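Take the sequence shown: its letter number 230 is residue 230 in full-length UniProt numbering, and every next letter is one higher. Just so it is clear, CB atoms sit at the ideal spot from N, CA and C, and this is done for glycine as well. Predicted model, so just to flag it, every value in this text is computed and none were measured. Report on one structure; see the data block that follows.
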Amino acid sequence: MALGRYNRVDNNNNKSSSYCSTVTIVIFMGLCLVGIWMITSSWVVPVQNGDDPAEEKKNQLKDQVETVIVDSNDRDNKPQFEDKPNDLRKDGPEKNLDVSLAKDKGKANLAAEENQEKTEEAKWDKSKKDNQQFNSVGGEKNVYNSENLGGQGSESNNEKPHSIKDDKKSGSDYAEKKGDESTSRTYGDKVDKNDDKVSDKRSADQVKKKSSNEDSPKGDKVFDKSFVDQVKKRSNEVFPKGDKVDKNNDNGFDKSSDSQVKKSSNEDAPKEDKVFDKSFDDQVKKRSNEVFPKGDKVDKNNDNVFDKSSDSQVKKSSNEVFPSVAQSELLNETMIQNGSFTTQAAESNKEKNAESSSNSSSKDYSWKLCNSTAGPDFIPCLDNCEAIRNLPTNIHYEHRERHCPEVPPTCLVPLPEGYKFPIEWPKSRDKIWYKNVPHSKLVEFKGGQNWLKITGDYLTFPGGGTQFRRGALHYIDFIQQAVPDIAWGKRSRVILDVGCGVASFGGYLFERNVLAMSLAPKDEHEAQVQFALERGIPAVSAVMGTKRLPYPGTVFDIIHCARCRVPWHIEGGKLLLELNRLLRPGGFFLWSATPVYQLKAQDVEIWKAMIEQTKAMCWELVNKTSKEPINKVAIATFRKPTSNECYEQRSQQEPPLCPESDDPNAAWNVPLQTCMHKVPLDPSERGSKWPEEWPARLEKSPYWLLSSQVGVYGKAAPEDLAADNEHWKQVVTKSYMQGMGINWSSIRNVMDMKAVYGGFAAALKDMNLWVMNVIPVDSPDTLPIIYERGLFGIYHDWCESFSTYPRSYDLLHADHIFSRVKKRCNFVAVVAEVDRILRPGGKLIARDDVETITELENMVRSMHWEVRLSYSKDKEGLLCVQKSMWRPTEVETLTYAIA
1 MALGRYNRVD NNNNKSSSYC STVTIVIFMG LCLVGIWMIT SSWVVPVQNG
51 DDPAEEKKNQ LKDQVETVIV DSNDRDNKPQ FEDKPNDLRK DGPEKNLDVS
101 LAKDKGKANL AAEENQEKTE EAKWDKSKKD NQQFNSVGGE KNVYNSENLG
151 GQGSESNNEK PHSIKDDKKS GSDYAEKKGD ESTSRTYGDK VDKNDDKVSD
201 KRSADQVKKK SSNEDSPKGD KVFDKSFVDQ VKKRSNEVFP KGDKVDKNND
251 NGFDKSSDSQ VKKSSNEDAP KEDKVFDKSF DDQVKKRSNE VFPKGDKVDK
301 NNDNVFDKSS DSQVKKSSNE VFPSVAQSEL LNETMIQNGS FTTQAAESNK
351 EKNAESSSNS SSKDYSWKLC NSTAGPDFIP CLDNCEAIRN LPTNIHYEHR
401 ERHCPEVPPT CLVPLPEGYK FPIEWPKSRD KIWYKNVPHS KLVEFKGGQN
451 WLKITGDYLT FPGGGTQFRR GALHYIDFIQ QAVPDIAWGK RSRVILDVGC
501 GVASFGGYLF ERNVLAMSLA PKDEHEAQVQ FALERGIPAV SAVMGTKRLP
551 YPGTVFDIIH CARCRVPWHI EGGKLLLELN RLLRPGGFFL WSATPVYQLK
601 AQDVEIWKAM IEQTKAMCWE LVNKTSKEPI NKVAIATFRK PTSNECYEQR
651 SQQEPPLCPE SDDPNAAWNV PLQTCMHKVP LDPSERGSKW PEEWPARLEK
701 SPYWLLSSQV GVYGKAAPED LAADNEHWKQ VVTKSYMQGM GINWSSIRNV
751 MDMKAVYGGF AAALKDMNLW VMNVIPVDSP DTLPIIYERG LFGIYHDWCE
801 SFSTYPRSYD LLHADHIFSR VKKRCNFVAV VAEVDRILRP GGKLIARDDV
851 ETITELENMV RSMHWEVRLS YSKDKEGLLC VQKSMWRPTE VETLTYAIA
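And the structure:
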């Protein structure tokens with residue numbers, strides 16, 4: 001029994017010892033696991049870059065879980081582990097994700113954080129005030145960029161999210177240096193290489209702030225158990241299987257991905273502290289599938305991929321920006337051909353020698369300020385003082401014609417002192433800022449004729465002119481009463497106003513649905529065309545001298561001259577014969593100069609010579625009015641014949657008929673001819689019939705455009721035109737109007753740099769603006785089609801400067817023009833010309849191959865322009881940028897432009 005009792009006691013002791021050992025081992029292992037967990041939880045492993053499989057990316061993303069244990073008994077003390085931004089491991093050849101942890105300074109630092117945040121708010125408030133004037137002209141900017149996707153929880157319910165203020169603070173370097181504080185908010189906006197440090201610092205500040213915000217009695221953990229599952233889920237949504245991170249991206253996921261990871265940390269905070277609701281996950285899911293379908297790319301060098309305010313717009317319009325497969329040939333420049341249309345260069349046989357191509361691989365651009373006698377009004381091809389000095393004569397206004405420098409300028413034209421964003425149409429028709437066009441000489445010359453006046457800070461335009469001092473509208477209606485067949489806005493849609501002055505005649509014709517191409521030289525009247533353009537009225541600087549005007553033959557319904565000081569009657573009527581080339585058969589020439597109604601000897605002599613000249617040209621004098629009572633002028637109306645019968649019955653063949661070899665459409669650098677072209681009689685020839693009345697002519701294919709002709713895009717010409725028309729309707733309506741943040745009410749003067757059929761302009765017909773359709777001289781000559789549709793345009797060689805004043809246009813549209821131009825021109829000079837033409841706050845929309853778009857984007861960024869959108873798909877790119885007020889400080893003197 002004793003032994004039995006002893007044995008039982010011994011057995012019990014063994015069991016108790018085994019139990020204690022087991023408990024000790026379990027506790028020890030638990031402590032080890034906790035220790036390992038606490039050590040590893042303070043590290044963040046960056047995601048590797050390159051072509052790693054998507055599954056590896058997801059595993060790496062799961063490792064990026066920040067889990068910090070805070071002692072509930074010592075919350076105000078420093079955490080056990082602390083990491084600095086520069087201490088993070090870098091596991092790949094390139095840094096892909098800027099995620100940094102900072103010390104939790106506790107409640108002691110909370111007041112300092114609040115003071116810093118108030119300072120940042122004050123800076124942003126100032127920035128918003130500074131941008132109010134800019135936004136009123138350039139349209140509403142996109143308010144958020146991709147940094148906003150991961151805003152941290154706010155310190156109070158009413159406090160603005162910290163990350164949004166950081167976004168405002170991290171605008172372009174230029175905005176900070178110049179004090180303008182206007183930031184670059186784009187879908188694809190790049191960040192300066194030096195911004196990596198700023199990003200790291202900002203991330204550290206955000207984590208510090210969040211740690212202090214989330215110290216509360218409710219719990220010790222910053223992240224609860226569900227956080228890992230949320231990150232796992234997000235990694236699958238943001239990077240579905242097969243997706244790749246851009247190799248060239250400095251920050252891998254870029255800031256938007258960084259913000260997405262940060263956003264996860266807010267999901268366990270109280271609801272009122274969240275910046276975004278649960279719909280964010282759905283947005284990320286849709287974004288990966290809808291915005292970036294297979295083959296799509298957003299600017300691969302960009303850090304900021306999306307603008308929050310435009311996210312849904314891009315998703316909605318991605319198919320419209322780049323049309324469906326059925327319309328893809330409309331964007332593919334390699335498929336463009338001449339078809340049945342020759343080029344203006346071939347017609348004129350005057351194409352300029354190609355300039356050396358720019359080095360597309362260079363991304364360093366050093367801009368300088370142009371120093372010329374013309375200063376802020378510099379037009380390179382009209383202010384070539386050296387070429388003008390060397391002219392043998394100027395008797396035929398040779399000194400007012402184009403004389404382009406051999407090497408086009410690559411400098412930027414300065415702004416006038418005190419320049420302001422232009423007044424919007426229609427107010428601009430009546431007044432403009434004086435400091436924008438600071439010229440008073442014309443006020444002295446023409447003040448008594450009611451052209452313009454200086455009224456305080458403004459130049460005001462009462463609507464008068466030399467021949468309509470009491471107002472242009474009365475004058476316009478008087479013409480209609482004198483010749484009812486004119487039918488403003490129906491039969492007569494596109495007119496040429498020669499010697500336009502400040503273009504009040506053309507400005508008021510908009511009220512009659514008439515487009516007027518106003519034309520005047522850059523002469524002693526000082527900036528008359530610049531006044532017109534600043535008012536929002538179409539005009540170009542040109543002179544009737546020794547060369548044909550840059551328009552095709554038989555395209556204008558009416559040509560108007562109100563005391564335009566052109567000697568029509570001299571040298572066999574050479575200048576009048578140029579009008580005959582431009583005027584449609586059956587079109588009218590309106591002349592209200594003093595020889596029509598004054599009886600002075602000189603006027604009587606000129607009138608007699610004009611009657612003889614027009615009779616020899618077979619023009620019919622339709623009407624000669626008496627003086628109208630208000631403006632006290634009379635108007636003579638001549639009409640061009642619609643057949644060749646008169647030509648054949650003339651007793652003297654003077655002026656002679658042009659030979660068959662002379663092309664009436666050849667207009668680029670072609671000398672004037674003292675001959676007349678026959679009227680086309682074949683029903684299939686352009687000019688044999690009058691176009692449809694406006695607005696039917698805009699949509700209907702011209703009668704002379706035949707199915708047997710091959711269009712620019714390879715289809716039958718009428719089908720080609722219809723497809724182009726429909727394509728631009730879709731792009732303008734569903735993309736340009738919605739997806740670019742452009743305030744179209746501020747857009748008035750528009751240029752399409754390569755218009756083809758004028759589809760872009762046609763799509764804007766209901767907008768309160770006008771479009772100058774440019775046909776490059778080396779492109780298919782489709783300008784006659786544009787005029788036939790009731791639109792207007794001009795020929796031009798983009799290796800040279802355009803005949804307009806600086807700061808003329810609110811918006812430039814460039815569809816596959818730059819990739820063609822840079823093959824034979826200096827691309828930097830072309831971009832400098834774009835900068836010269838465009839107003840500060842103006843927009844450039846460029847569509848081209850990705851290589852060209854990337855090169856263009858680098859250049860405009862170097863000029864401190866704001867990139868509003870950068871998008872690419874299938875090697876095609878779309879770029880929308882906005883010009884800033886920035887001007888370089890270094891000066892380049894153009895010796896040929898010094899008087």
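Ignore the nearest five residues each way along the sequence and tell me which others in residue i's own chain have a CB closer than 6 Å to its CB.
i, result
"V750", "L769, V771, L811"
"F760", "W728, D752, H813"
"K883", "L838, P840, G842, W865"
"R836", "V413, P806"
"G418", "K435"
"L473", "Y508"
"A503", "S518, A532, I537, A539"
"S592", "Q467, A562, V633, I635"
Between which residues of its own chain and residue i is the CB-CB distance below 7 Å, once the five residues before and five after are set aside?
i, result
"L391", "E398, H399"
"M767", "W744"
"C658", "Q673, C675, M676, H677"
"I775", "Q344, A755, D781, T782, L783, G793, Y795"
"M740", "R868, L869, C880"
"I479", "I486, L590, I635"
Just list the residues that DSSP pairs residue i with in beta bridges.
i, result
"N773", "D752, G793"
"Q882", "K843, E866"
"D364", "In the DSSP output, where bridge partners are listed per residue, D364 has none listed."
"L412", "L369"
"R639", "F588, E620"
"V830", "According to DSSP, which records beta bridges pairwise, V830 is partnered with nothing at all."
"W728", "None, per the DSSP bridge assignment."
"M676", "L657"
Whole-angstrom Cβ separation of residue i and residue j, contact assumed at under 8 Å?
i, j, result
"N631", "E534", "In fact, because the Cβ distance is near 25 Å, the residues do not count as touching under 8 Å."
"V850", "S872", "5 Å"
"W668", "Y795", "5 Å"
"H396", "T546", "5 Å"
"N384", "A897", "7 Å"
"V540", "V529", "7 Å"
"C561", "G506", "Not quite, the Cβ-Cβ distance comes to about 13 Å (not below 8 Å), so this is no contact."
"L706", "I785", "In fact, because the Cβ distance is near 12 Å, the residues do not count as touching under 8 Å."
"L575", "M544", "5 Å"
"I432", "L459", "5 Å"
State the DSSP-derived secondary structure class of residue i, mapped to helix, strand or coil.
i, result
"D810", "strand"
"R686", "coil"
"N371", "strand"
"V34", "helix"
"D560", "The displayed chain sequence assigns His, not Asp, to residue 560. The answer is strand: DSSP assigns H560 an E or B state."
"N669", "coil"
"E444", "helix"
"F461", "coil"
"V407", "coil"
"R697", "helix"
"A472", "helix"
"D663", "coil"
"T455", "strand"
"A716", "strand"
"G877", "strand"
"R584", "strand"
Could you pull out every residue in the same chain whose Cβ sits closer than 8 Å to the Cβ of residue i, ignoring the five residues on either side in sequence?
i, result
"L764", "V732, V750, V771"
"L791", "V494, L515, L698, G758, A761, A762, V771, N773"
"I845", "Y736, M740, L811, L812, H813, A814, L878, L879, C880"
"C646", "C618"
"K715", "A723"
Considering only residues of the region 477 to 548, which uninterrupted beta strand (DSSP E) runs meet the minimum length of 3 residues and lie entirely inside it, listed in chain order?
Listed in chain order, they are 494 to 498, 515 to 520, 539 to 541.
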